[in-house]
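Asker: Attaching a single structure in structure tokens format; questions to follow.
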Amino acid sequence: MTTRDVRADLLHTGHVVHGGALLLRPAVAARADVAAADGRTETVVRVLGARHVLHGLAGLGAPRWVTPGVGAMADGVHAASMVGLAALGRDHRRGALVSAVVAAAFALAAWWAARGG
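Printed below as a string of structure tokens:
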């Protein structure tokens, strides 16, 4: 197993762990967005958690040449969309910015993982 493989596995495992936390404790993450999270906000957090879990599992099961570049693109698009949401809507600005920072961190980690040796 190469350094690149180990880094990619760590990255994808991070997606699974982060997504699992969002799925299991959506109210905690939702409170980063609004003081009193409602059911709709928690549902959005769960969907985001499912996306991270699927992203991580797909990365762990995909051929090494596919990942982490594709994952970096997905995280980059996610980060950009959250910045757009934060710019357009006041109601969920804080949550969108937190999500953008997390997605950007995953995109940077994917770039680091792709570098390998």
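Counted the way full-length UniProt numbering counts, the sequence shown spans residues 1 to 117.
A virtual CB, placed ideally from N, CA and C, is assigned to each residue, including glycine.
Curious, which full-length alpha helix (DSSP H) runs of at least 4 residues does the stretch 11-53 contain?
Answerer: Taking only runs of at least 4 residues, the alpha helix (DSSP H) segments lying wholly in the stretch 11-53 are 26-30.
Asker: Alpha carbon to alpha carbon, what distance is there between Arg31 and Arg7?
Answerer: Within the sequence shown, numbered from 1, the residue matching residue 7 stands at position 7. Within the sequence shown, numbered from 1, the residue matching residue 31 stands at position 31. So the two alpha carbons sit approximately 31 Å from each other.
Asker: Within the continuous alpha helix (DSSP H) that includes Asp91, where are the two ends?
Answerer: As a position in the sequence shown, residue 91 is number 91, starting the count at 1. No alpha helix (DSSP H) holds Asp91; DSSP gives it neither H nor E.
Asker: Skipping 5 residues on each side, what residues in its chain have a beta carbon closer than 7 Å to that of Gly76?
Answerer: Along the sequence shown, one-based indexing puts residue 76 at 76. Contacts found: Ala107.
Asker: In angstroms with no decimal places, state the Cα-to-Cα distance between Val102 and Gly61.
Answerer: Along the sequence shown, read from residue 1 onward, the residue named residue 102 stands at position 102. Along the sequence shown, read from residue 1 onward, the residue named residue 61 stands at position 61. If you take the alpha carbons of Val102 and Gly61, they lie about 23 Å apart.
Asker: Please state if the CB of Ala79 and the CB of Ala100 are separated by a distance shorter than 9 Å.
Answerer: Within the sequence shown, the letter at position 100 stands for residue 100. Within the sequence shown, the letter at position 79 stands for residue 79. Result yes, Cβ atoms of Ala100 and Ala79 sit closer than 9 Å.
Asker: I need the straight-line Cα distance from Trp111 to Met73, nearest angstrom please.
Answerer: Here residue 111 corresponds to residue number 111 of the sequence shown, with the count starting at 1. Here residue 73 corresponds to residue number 73 of the sequence shown, with the count starting at 1. Roughly 10 Å separates the two Cα atoms.
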